[in-house]
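Novice:
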Amino acid sequence: MSDTPRNLLHQETLAVRWGDMDAFGHINNATYFTYFEQCRCSWLASVCNSGALSSNQGDGPVLLNASANFNLPLVFPANITISMYGGTPGRSSFNSYYEIRDADNTDILYTTGEAKIVWVDQRAGKSMPVPDDIRVLLPTV
Numbered sequence: 055m056s057d058t059p060r061n062l063l064h065q066e067t068l069a070v071r072w073g074d075m076d077a078f079g080h081i082n083n084a085t086y087f088t089y090f091e092q093c094r095c096s097w098l099a100s101v102c103n104s105g106a107l108s109s110n111q112g113d114g115p116v117l118l119n120a121s122a123n124f125n126l127p128l129v130f131p132a133n134i135t136i137s138m139y140g141g142t143p144g145r146s147s148f149n150s151y152y153e154i155r156d157a158d159n160t161d162i163l164y165t166t167g168e169a170k171i172v173w174v175d176q177r178a179g180k181s182m183p184v185p186d187d188i189r190v191l192l193p194t195v
């Protein structure tokens, strides 16, 4: 990972499913984004369940963009650990960073990724400040 300030927000270990493979016998590129999404949603659920966020507030995160760098092919069967990191927040957004590693040998780095998360007032359809309960989990400048 780069020198960009980031805090570890969440880690999740998953078993790679046979159906995640493509015709070439390795995990389909689009599936990596599903792994990132699973980790991000689990993190958000843990924050919501802690009382930090209420699901009925009418605001929440949306992705502005997402990217991945495929370092090594991932093949079935495997157990992976997805780590999600949060970057320094702006007014209404922050970058999230991802690593997918072999759960049994964390020296093996399959994939890295990044996604910009924007906090949005769903009713107004506009960005809004990142909630303080999320902001405190992110690095400061």
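As numbered in the numbering used here, residues 55 to 195 make up the sequence shown, in order. Here a beta-carbon is modelled for each residue, glycine too, at the ideal position from N, C-alpha and C.
(1) Measure the Cβ-Cβ separation of SER132 and VAL174 and say whether it is below 8 Å.
(2) Indicate whether TYR152 and ILE136 have their beta-carbon atoms separated by less than 8 Å.
(3) Taking all protein chains shown into account, do 16 or more other C-beta atoms lie within 10 angstroms of the C-beta of SER150, making it buried, or fewer, making it exposed?
(4) What three-state label does DSSP hand ALA99 in the structure shown?
(5) Is TYR164 closer than 8 Å to ILE134 when the C-beta atoms are compared?
(6) Please report the straight-line C-alpha distance between SER147 and PRO183, rounded to a whole angstrom.
(7) Among ARG60, THR194, CYS95, TYR86, which has the Cα closest to the Cα of PRO127?
(8) At the level of alpha carbons, what is the spacing between ASP158 and GLU66?
(9) Considering Cα atoms alone, identify which of GLU168, LEU192, ARG177 is closest to LEU117.
(10) At what residues does the alpha helix (DSSP H) containing ASN188 begin and finish?
(11) Just verifying my parser: in three-state terms, what is the DSSP assignment at ALA83?
(12) Which word fits VAL59, buried or exposed, when buried means at least 16 other C-beta atoms lie within 10 angstroms of its C-beta?
(13) Using DSSP with H/G/I as helix, E/B as strand and the rest coil, what is ARG94?
(14) Grouping DSSP H, G and I as helix and E and B as strand, with all else coil, what is ASP156?
Specialist: Answer, in terms of the structure:
(1) Per the sequence shown, the amino acid found at residue 132 is Ala instead of Ser. Taking 8 Å as the Cβ cut-off, ALA132 and VAL174 do not qualify as a contacting pair.
(2) yes
(3) buried
(4) helix
(5) yes
(6) Rounded to the nearest angstrom, the two C-alpha atoms are 8 Å apart.
(7) For PRO127, the nearest C-alpha among the options comes from TYR86.
(8) 13 Å
(9) GLU168
(10) First, the amino acid is wrong: residue 188 is Ile here, not Asn. Run containing ILE188: 186-189, per the alpha helix (DSSP H) assignment.
(11) The question names Ala, but residue 83 is Asn in the sequence shown. DSSP places ASN83 in helix when its eight states are reduced to three.
(12) Correcting the residue identity first, residue 59 is Pro in this sequence and not Val. Exposed, by the Cβ-count rule.
(13) helix
(14) strand
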